[in-house]
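Trainee: In this text, residue positions in the sequence shown follow the working numbering: the first is 1, and each later residue adds one.
Quick one: the structure is below, and I'll ask about it shortly.
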Amino acid sequence: MIIILKQGVTPEEKNNIKKTLKQKGFLVKEIVGKEETVLGAVGTSAIDPRSIEVLDGVSSVVPISKPYKLASRELKKEDTIVSVGKVKIGGSRIAVMAGPCAVESEEQIMRIAEKVREAGAVILRGGAFKPRTSPYSFQGLGEEGLKYLRKAGDAFDMPITTEVVSPKDVSMMANYIDMFQIGARNMQNFELLKEVGKTGMPVLLKRGLSATIEEWLMAAEYLMASGTDQVVLCERGIRTFEKATRNTLDCSAIPVVQKLTHLPVIGDPSHATGIRDMVSPMSLALIAGGASGIIVEVHDHPEKALSDGPQSLYPEQFERLMRDIEALAPVVGKAVEKTPRIIPESIKNESATEETRGDDIVAFQGERGAFSELAIRRTFNEDQKVMPCKAFKDVFDAVASGRARYGVIPVENTLGGTIFENLDLLNVEENITVVGEAQLRVIHNLIVNPGVRMEDIKRVYSHPQGLAQCKEFLDEYLPSAAQIPFYDTSGSVKYIKENNLMDAAAIAGSPAAVHYGCEILKQSIETNPKNYTRFYVISREENAEVFRSASKVNRASMTFSVPDKPGALFAVLDILQKHGMNMKKLESRPILGKPWEYSFFVESELNDEHDLSDLVPTLKENTVSFRILGTYTAAH
Ligand code: PEP
Ligand code: MN
1 MIIILKQGVT PEEKNNIKKT LKQKGFLVKE IVGKEETVLG AVGTSAIDPR
51 SIEVLDGVSS VVPISKPYKL ASRELKKEDT IVSVGKVKIG GSRIAVMAGP
101 CAVESEEQIM RIAEKVREAG AVILRGGAFK PRTSPYSFQG LGEEGLKYLR
151 KAGDAFDMPI TTEVVSPKDV SMMANYIDMF QIGARNMQNF ELLKEVGKTG
201 MPVLLKRGLS ATIEEWLMAA EYLMASGTDQ VVLCERGIRT FEKATRNTLD
251 CSAIPVVQKL THLPVIGDPS HATGIRDMVS PMSLALIAGG ASGIIVEVHD
301 HPEKALSDGP QSLYPEQFER LMRDIEALAP VVGKAVEKTP RIIPESIKNE
351 SATEETRGDD IVAFQGERGA FSELAIRRTF NEDQKVMPCK AFKDVFDAVA
401 SGRARYGVIP VENTLGGTIF ENLDLLNVEE NITVVGEAQL RVIHNLIVNP
451 GVRMEDIKRV YSHPQGLAQC KEFLDEYLPS AAQIPFYDTS GSVKYIKENN
501 LMDAAAIAGS PAAVHYGCEI LKQSIETNPK NYTRFYVISR EENAEVFRSA
551 SKVNRASMTF SVPDKPGALF AVLDILQKHG MNMKKLESRP ILGKPWEYSF
601 FVESELNDEH DLSDLVPTLK ENTVSFRILG TYTAAH
């Protein structure tokens, strides 16, 4: 059952409720949500809920209708984010795990680990205990294999996961690995589940070959009741009458499971299909269906693999797949998980204190729930501390003064064009550099106070861009409602909420609705679904390297002005061309205080062969002023 606590419940009252429940034989879990705190109580004893409802501090008691309790969405509405080392799985991220089916030798796992890491995998897989259909097939290297897997994980900075097949191996394996994998054949090995659950460690729980979704969730419940709340579900194909593929990938299980549980669910296209050529398309199908990631088998010599060679991707295929996933991610409103990510802990470890420097804070422009805040959550962490600022200039000031360590600013929208104000600010703020890029699909929603219906709406508030981008919807469904321009999309949600307007709606992103406790009446009402915004992550120079080192830098932004003579701009572009730098964007901007003089803004690909610093002197010779605004990893 779920015990919903009153707002303002005292710690004493809460402890007393917990104590009473424990005395009655219940296992108690506290879940702190955005809007309310609840206690989940599970156990075998039956009690009259009224005996709990009368306790001080209890608002109400609700039974959980599903047989799985701790795993159920009824108990916890928010997505669980599972941490495996520094990798996060769940919410709005896509985590890719890859590696061979089995660890075959130290050299083999080291080679493949390097390849998959380079392509963008964040967790390394590799079986050491292989539950094979035939007793005569390769059974895995056992503990020796775990040692090699650990070594490869450490060498390439990836947490590792591997299958556990016997309860007696659990404590030994816990010394080597970061996440247990329960294989399909063992999904209902309850003794194994209990032993693994007791470790409290993250677990990847594969769906059994013939398991229903409910049985699968009951297996998760076993793990959770035994002591871990870090469970990732994995759809890996089920047995059906169809023989064309090794198993039948149940893609629809992904959205079904997401409705039923708060736990993240990923997919395994390798075991689902058993056929190399089908792994990439099915990976994309899983991601499109809402999966929080995939686990894929990759081998550099699949023809010689000791197990599952025919379904293992070549490293080049895996690399291509990662690019496709990167392109697909913003379409489903997610970001691909990368390592090492910028974690507040690592930031805090450095010298200055939090109070004076805001070293773990990221600034953005707008009210809470703005698209820029969403971009921060995607780029940093779901629970990243943020600083909302009134104007873009305030974001720059917060970063320059050290009140925030990073800032996230929009630079371009596919429908609205370049946000020149931010380019101009970058131009003048010499201490600030661009260190990263993020891309977000802008999904607009019609947001109202709870209870407001379509026919009640007389006015619609939003940023002028929000109103313009939803014109077709407004014309069709709310033709007589007044459209009122507002300074900010999420600010308009705040406004209808604070004034409790029951005849108005706002247009904004879903985080704003959640943040202000409003309701989404209609989702995704923008006319053009290809609506993306690109953001820059900015920082002071001294903090740039930490961020940049997170992934391969492949883009540079620069600004320059040229002498007033024929071919001056061409000369600069010619230098870029000669160095094989593919230009992605060129803008010209009036120079402040110099009427009719212009500076240029260029974004260019950076390739491995050319060090940008070698190029700068030549560029400076050919320009009046020249500055690199920053180098970073392109998000698109
Ligand atoms: C594996 O991941 O190598 C494996 C054996 O998977 P499953 O348990 O899904 O068959
Ligand atoms: Mn396998």
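Beta carbons: idealized from backbone N, C-alpha and C, even for Gly.
On a predicted model such as this, the values are computed, not experimentally measured, just so you know.
(1) Which of helix, strand or coil does DSSP assign to P302?
(2) For K385 and I361, which I take to be in contact (beta-carbon distance under 8 Å), what is that distance rounded to the nearest angstrom?
(3) So what's I47 in DSSP terms, helix, strand or just coil?
(4) Given 6 Å as the limit, tell me if K385 has its C-beta closer than that to any heavy atom belonging to ligand 4.
(5) What is the DSSP secondary structure of F26, reduced to helix, strand or coil?
(6) Which whole runs of the beta strand (DSSP E) in the segment 458-492 are 3 residues long or more, in chain order?
(7) Based on the DSSP output, what are the partners of R534 in its beta bridges?
(8) Which residues bound the alpha helix (DSSP H) around I287?
(9) Given a threshold of 16 other Cβ atoms within 10 Å of its Cβ, counted over all protein chains shown, does M158 qualify as buried or as exposed?
(10) Could you give the DSSP three-state label for Y148: helix, strand or coil?
(11) Does the beta-carbon of Q258 have 16 or more other beta-carbons within 10 angstroms, so that it is buried, or is it exposed?
(12) Could you tell me which residues DSSP pairs with R125 in its beta bridges?
(13) Using 10 angstroms around the beta-carbon of E498, count the other beta-carbons present and answer buried if the total reaches 16, otherwise exposed.
(14) Between the beta-carbon of H271 and the beta-carbon of R239, is there less than 7 Å?
(15) Identify every residue that forms a DSSP beta bridge with A266.
(16) Let me confirm a value: T133 is counted as buried when at least 16 other C-beta atoms fall within 10 Å, else exposed. Which label applies?
(17) Return yes when at least one heavy atom of ligand 1 lies under 6 Å from the C-beta of R403, else no.
(18) Around the Cβ of N186, are there at least 16 other Cβ atoms within 10 angstroms (buried) or fewer (exposed)?
(19) For M583, count the other beta carbons within 10 Å of its own beta carbon; 16 or more makes it buried, fewer makes it exposed. Which is it?
(20) To the nearest angstrom, how far is it from the Cα of K130 to the Cα of S252?
(21) On the DSSP bridge list, what partners appear for Y406?
(22) Quick one: residues with CB closer than 5 Å to any heavy atom of ligand 2, in chain order, please.
(23) Out of I81, A481, G153 and H444, state which residue places its alpha-carbon closest to the alpha-carbon of Q108.
(24) With a threshold of 8 Å, are at least 3 pairs of Cβ atoms found where one atom belongs to the segment 39-48 and the other to the segment 79-87?
(25) Looking at the secondary structure, which residues open and close the beta strand (DSSP E) in which L446 lies?
(26) Across the segment 91-106 and the segment 131-151, are there enough close Cβ pairs to call them in contact, namely three or more that are closer than 8 Å?
(27) Using a Cβ-Cβ cutoff of less than 7 Å, which residues in the same chain neighbour S462 once the five nearest sequence positions on both sides are dropped?
(28) Can you look up I628 in the DSSP assignment and give me helix, strand or coil?
(29) I'd like to know if the segment 366-374 and the segment 510-527 are in contact, where contact means that at least 3 CB-CB pairs between them fall below 8 Å.
(30) According to DSSP, is F547 part of a helix, a strand, or is it coil?
(31) If you follow the beta strand (DSSP E) that K168 is part of, which residue opens it and which one closes it?
(32) Rounded C-beta distance between I177 and L205? I'm assuming under 8 Å.
(33) With distance defined between alpha-carbon atoms, name the residue in I17, K34 and P255 nearest to L27.
(34) Return the chain-ordered ranges of every beta strand (DSSP E) run that is complete within the segment 581-609 and spans a minimum of 3 residues.
(35) How about T414 and N531: are their beta carbons less than 7 Å apart?
(36) If you follow the beta strand (DSSP E) that K88 is in, where does it begin and where does it stop?
Mentor: Quick look at the numbers:
(1) As a first step, residue 302 must be located in the sequence shown, where it is residue number 302. Three-state DSSP puts P302 in a helix.
(2) Working through the sequence shown from its first residue, we reach residue 385 at position 385. Working through the sequence shown from its first residue, we reach residue 361 at position 361. About 5 Å separates the two Cβ atoms, so the contact holds.
(3) Here residue 47 is taken as the residue at index 47 of the sequence shown, counted from 1. Of the three classes helix, strand and coil, the one that applies to I47 here is coil, per DSSP.
(4) Annotation note on ligand 4: not contained in the displayed structure, which lists ligand 1 and ligand 2 as its ligands.
(5) Locating residue 26 in the sequence shown gives position 26, counting from the first residue. Of the three classes helix, strand and coil, the one that applies to F26 here is coil, per DSSP.
(6) Those beta strand (DSSP E) runs which fall completely within the segment 458-492 and span 3+ residues are 459-462 and 482-485.
(7) In the sequence shown, the residue the question calls residue 534 occupies position 534. Paired residue(s): E412 and Q439.
(8) If you number the sequence shown from 1, residue 287 lands on position 287. I287 -> alpha helix (DSSP H) spans R276 to A288.
(9) Here residue 158 is taken as the residue at index 158 of the sequence shown, counted from 1. It counts as buried.
(10) For the purposes of this step, residue 148 is taken as residue 148 along the sequence shown, with counting starting at 1. Y148: helix per DSSP, three-state reduction.
(11) Reading the sequence shown from its first residue, position 258 is the one you call residue 258. Counting Cβ neighbours within 10 Å, Q258 comes out buried, since at least 16 surround it.
(12) Here residue 125 refers to the residue found at position 125 of the sequence shown. Beta-bridge pairing links R125 to T161.
(13) Start at 1 with the first residue of the sequence shown, and residue 498 comes out as number 498. Exposed, since its Cβ has fewer than 16 Cβ neighbours within 10 Å.
(14) To locate residue 271, count along the sequence shown from 1; it is residue 271. To locate residue 239, count along the sequence shown from 1; it is residue 239. No, the pair does not count as a contact, with Cβ atoms beyond the cut-off.
(15) Here residue 266 refers to the residue found at position 266 when the sequence shown is read from its first residue. It is worth fixing the name first, because residue 266 is Ile in this sequence and not Ala. Paired residues: C234.
(16) By 1-based counting over the sequence shown, the position of residue 133 is 133. T133 should be labelled exposed.
(17) The count along the sequence shown starts at 1 and reaches residue 403 at position 403. No.
(18) Against the sequence shown, residue 186 aligns to sequence position 186. Buried is the call here.
(19) In the sequence shown, counting from the first residue as 1, residue 583 sits at position 583. The residue in question, M583, is exposed, as its Cβ has fewer than 16 Cβ neighbours within 10 Å.
(20) In the sequence shown, residue 130 corresponds to position 130, counting from 1. In the sequence shown, residue 252 corresponds to position 252, counting from 1. If you take the alpha carbons of K130 and S252, they lie about 28 Å apart.
(21) Reading the sequence shown from its first residue, position 406 is the one you call residue 406. Note: Y406 sits in a beta bridge opposite V362 and S539.
(22) Residues with a Cβ closer than 5 Å to any heavy atom of ligand 2, in chain order: C101 and D308.
(23) The count along the sequence shown starts at 1 and reaches residue 108 at position 108. Ranking the options by Cα distance to Q108, first place goes to G153.
(24) no
(25) The sequence position of residue 446 within the sequence shown is 446, counting from 1. That run of the beta strand (DSSP E) goes N445 to V448.
(26) yes
(27) Your numbering for residue 462 matches position 462 in the sequence shown. If we look at S462 and ignore the five residues flanking it on each side, its Cβ neighbours are F486, T489, S492, A506, I507 and A508.
(28) Taking the first residue of the sequence shown as position 1, residue 628 is located at position 628. I628 falls in the strand class under three-state DSSP.
(29) Yes: the two stretches touch, three or more of their Cβ pairs being nearer than 8 Å.
(30) Against the sequence shown, residue 547 aligns to sequence position 547. If DSSP states are grouped into helix, strand and coil, F547 belongs with the helices.
(31) Residue numbering aside, residue 168 sits at position 168 when the sequence shown is read from its first letter. Annotation for K168: no beta strand (DSSP E) segment contains it, and DSSP assigns it neither H nor E.
(32) Along the sequence shown, one-based indexing puts residue 177 at 177. Along the sequence shown, one-based indexing puts residue 205 at 205. About 15 Å separates the CB atoms of I177 and L205; that is not less than 8 Å, and the two are not in contact.
(33) In the sequence shown, counting from the first residue as 1, residue 27 sits at position 27. Closest by alpha carbon: I17.
(34) 583-591 and 594-605
(35) Stepping through the sequence shown from its first residue, residue 414 is reached at position 414. Stepping through the sequence shown from its first residue, residue 531 is reached at position 531. Taking 7 Å as the Cβ cut-off, T414 and N531 qualify as a contacting pair.
(36) Here residue 88 corresponds to residue number 88 of the sequence shown, with the count starting at 1. That run of the beta strand (DSSP E) goes V87 to I89.
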